[in-house]
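Peer 1: Letter by letter, the sequence shown follows residues 361 to 699 in our numbering.
Built from N, CA and C at the ideal position, the CB exists for glycine as well.
Okay, handing you the structure first.
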Amino acid sequence: MAVHTSQSVVKAAGEHTARGRSRGTGTPPPTPGRLRRALSVHWYAWAMVAPVVVVIGVIIGYPLVRGIYLSMTDADERNVARSIGVNEIPATYEFVGADNYVDALTGSQFLGTLGWTLVWTVSCVSITFVLGMALANILNRRIAGRSAYRMALILPWAIPGFVSVFAWRFLYNEERGLLNKILGGAGIDAVPWLNDPGWAKFAVIAVNVWLGIPFMMVALLGGLQSIPSEQYEAAEMDGATAWQRFRHITLPGLRPVSTTVILLSTIWTFNMFPVIFLLTRGGPGEATQILVTQAYKFSFEISPRDYAQSSTWGVLILALLMVFAVVYRRVLRSQGDNW
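The following block contains the structure:
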């Protein structure tokens, strides 16, 4: 009786399976794709992010695509679409492909400006990092008036950039500037801070370093305060000198912070338009002109305004910074940093 019952159950199960297969229910449903799963699971997050993505796409995406397109044309002030009174003049510029890029990369102007831009960027970032590191180490110790010193050193960061640059412009004035008055009181001839190419380059680097130290100092100070004090105490008990403690504890401990601030500072300095434009306008001559100020000059200062050339330089600036970021990231990963 038991055998007969088990055989009936097996037979019924087989018939049910056969019917299920005949109706198409025996095959498993297709696995949803990765994007579909992400949308179904995180739909609320996607809904919250969507407005921001749309705004960024409109504000950044469209100008970027438009700039790339203009860089492949011969657009200038004379052949773009414009209105004269009630008359609408259509655009007559033409597509020229990569000619603008070839002209820029093979010409002396772009390469010469790029050379000074690299010197400007490396000098500002390296000096700012060294001084910011030194000040952060000083302020990380228990000294009298530490809070007042921190506020005083952060002050240049709180002042609007154009105000700071105009203040330095008054200080650099060859005839009435405070710096030359101090030099004159010491019997030293007035220095043409902004009228001599060499001194002008020194002047713009000094101003940018002054503006960049607060950010570097605050970031590195936060990194120093995250290093456990027990490591310094143990190293001191083992007889390590101050330099050994700095080399083997401070520098490795600051590595996650320093890699980030160096990257950000490099990008900001490479595109630091206000300091150059407000202090020297790229002069004297073209001595202090960097890539971003020269791109601005093509669009707004020369006549006729060369929109194609300006767009070309803008795209090349973006490409250079992207290459730097990729190489920088690979170097860090090759050294064991998970960044």
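Quick one: using the 10 Å Cβ neighbour count with 16 as the cut-off for buried, is Gly-380 buried or exposed?
Peer 2: Here Gly-380 scores only 46 on pLDDT, less than 50, and its place in the model should not be relied on; the value that follows carries that caveat. The residue in question, Gly-380, is exposed, as its Cβ has fewer than 16 Cβ neighbours within 10 Å.
Peer 1: Excluding the five sequence neighbours on either side, which residues of its own chain have a C-beta within less than 8 Å of the C-beta of Arg-605, listed in chain order?
Peer 2: Counting only Cβ-Cβ distances below 8 Å, and skipping sequence neighbours, we find Tyr-592, Ala-595, Glu-596.
Peer 1: What span of residues does the beta strand (DSSP E) with Asn-631 cover, start to end?
Peer 2: That residue, Asn-631, is in no beta strand (DSSP E); it is neither H nor E in DSSP.
Peer 1: Three Cβ pairs or more, each shorter than 8 Å: is that satisfied between the stretch 561-576 and the stretch 472-488?
Peer 2: Because the criterion of three Cβ pairs below 8 Å is met, the stretch 561-576 and the stretch 472-488 touch.
Peer 1: Quick check on DSSP: helix, strand or coil for Arg-510?
Peer 2: DSSP places Arg-510 in helix when its eight states are reduced to three.
Peer 1: Between Ser-663 and Gly-505, what straight-line distance do the alpha-carbon atoms span, to the nearest angstrom?
Peer 2: Each residue's alpha carbon lies about 55 Å from the other.
Peer 1: Could you work out which residue in Leu-638, Trp-476, Ile-548, Thr-619 is closest to Val-687 when comparing CA atoms only?
Peer 2: Ranking Leu-638, Trp-476, Ile-548, Thr-619 by Cα distance to Val-687 puts Thr-619 first.
Peer 1: With DSSP collapsed to three states, give me the class of Ser-443.
Peer 2: Residue state, collapsed to three classes: strand.
Peer 1: For Ile-449, which residues of its own chain have a beta-carbon under 8 Å away from its beta-carbon, when the five flanking residues on both sides are left out?
Peer 2: Closer than 8 Å at Cβ, skipping near neighbours: Ala-441, Arg-442, Ser-443.
Peer 1: Using DSSP with H/G/I as helix, E/B as strand and the rest coil, what is Ile-487?
Peer 2: In this structure, Ile-487 counts as helix in the three-state DSSP scheme.
Peer 1: Is the beta carbon of Thr-640 less than 8 Å from the beta carbon of Ala-560?
Peer 2: Going by C-beta atoms, Thr-640 is nearer than 8 Å to Ala-560.
Peer 1: Taking Gly-427 and Gly-613 to be in contact with their CB atoms under 8 Å, please state how far apart those CB atoms are, rounded to whole angstroms.
Peer 2: Actually they are not in contact, since the Cβ atoms of Gly-427 and Gly-613 sit about 42 Å apart, beyond 8 Å.
Peer 1: Are Leu-499 and Leu-581 touching if we call contact CB-CB under 8 Å?
Peer 2: A contact, by the Cβ cut-off of 8 Å.
Peer 1: Report all residues from its chain with a CB closer than 8 Å to the CB of Leu-513; omit the five preceding and five following residues, and keep chain order.
Peer 2: Leu-495, Leu-499, Ile-573, Pro-574, Met-577, listed in sequence order.
Peer 1: Does DSSP classify Thr-620 as helix, strand or coil?
Peer 2: In this structure, Thr-620 counts as helix in the three-state DSSP scheme.
Peer 1: Using a 10 Å radius around the Cβ and a threshold of 16 neighbouring Cβ atoms, would you call Gly-583 buried or exposed?
Peer 2: Under this definition Gly-583 is a buried residue.
Peer 1: Please say whether Thr-473 and Gln-669 have beta carbons closer to each other than 8 Å?
Peer 2: No, they are not a contact pair.
Peer 1: Give every residue of the same chain whose Cβ lies closer than 8 Å to the Cβ of Arg-529, excluding the five residues on either side of it in the sequence, and list them in chain order.
Peer 2: Excluding sequence neighbours, Arg-529 sits near Leu-554, Leu-638, Leu-639.
Peer 1: Please report the straight-line C-alpha distance between Ala-451 and Ala-435, rounded to a whole angstrom.
Peer 2: Each residue's alpha carbon lies about 9 Å from the other.
Peer 1: Should Ala-685 be labelled buried (16 or more other beta-carbon atoms within 10 Å of its own) or exposed?
Peer 2: That one is exposed.
Peer 1: How many whole angstroms separate the CB atoms of Met-632 and Asn-568, which I take to be in contact at a CB cut-off of 8 Å?
Peer 2: That pair is a contact at about 6 Å.
Peer 1: In whole angstroms, what separates the C-alpha of Leu-515 from that of Thr-477?
Peer 2: Roughly 27 Å separates the two Cα atoms.
Peer 1: So with Cβ pairs under 8 Å, would you call Ile-420 a contact of chain D?
Peer 2: Included in the structure is just one protein chain, with no chain D present.
Peer 1: Looking at the secondary structure, which residues open and close the alpha helix (DSSP H) in which Gly-582 lies?
Peer 2: Run containing Gly-582: 557-585, per the alpha helix (DSSP H) assignment.
Peer 1: Quick check: the Cα distance between Arg-536 and Ile-609, rounded to an integer number of angstroms?
Peer 2: Approximately 48 Å, taken between the alpha carbons.
Peer 1: Below 8 Å on the Cβ atoms is my contact criterion, and I expect Thr-672 with Asn-460 to pass it. Report the Cβ-Cβ distance as a whole number of Å.
Peer 2: So it is a contact: roughly 4 Å between Cβ atoms.
Peer 1: What span of residues does the alpha helix (DSSP H) with Leu-430 cover, start to end?
Peer 2: Here the alpha helix (DSSP H) through Leu-430 covers 422-430.
Peer 1: Output the distance between the C-alpha atoms of Gln-695 and Val-523, rounded to the nearest integer angstrom.
Peer 2: Cα-Cα distance, rounded: 41 Å.
Peer 1: Exposed or buried, Ala-546, counting other C-beta atoms within 10 Å across all chains shown (16 or more means buried)?
Peer 2: Exposed is the call here.
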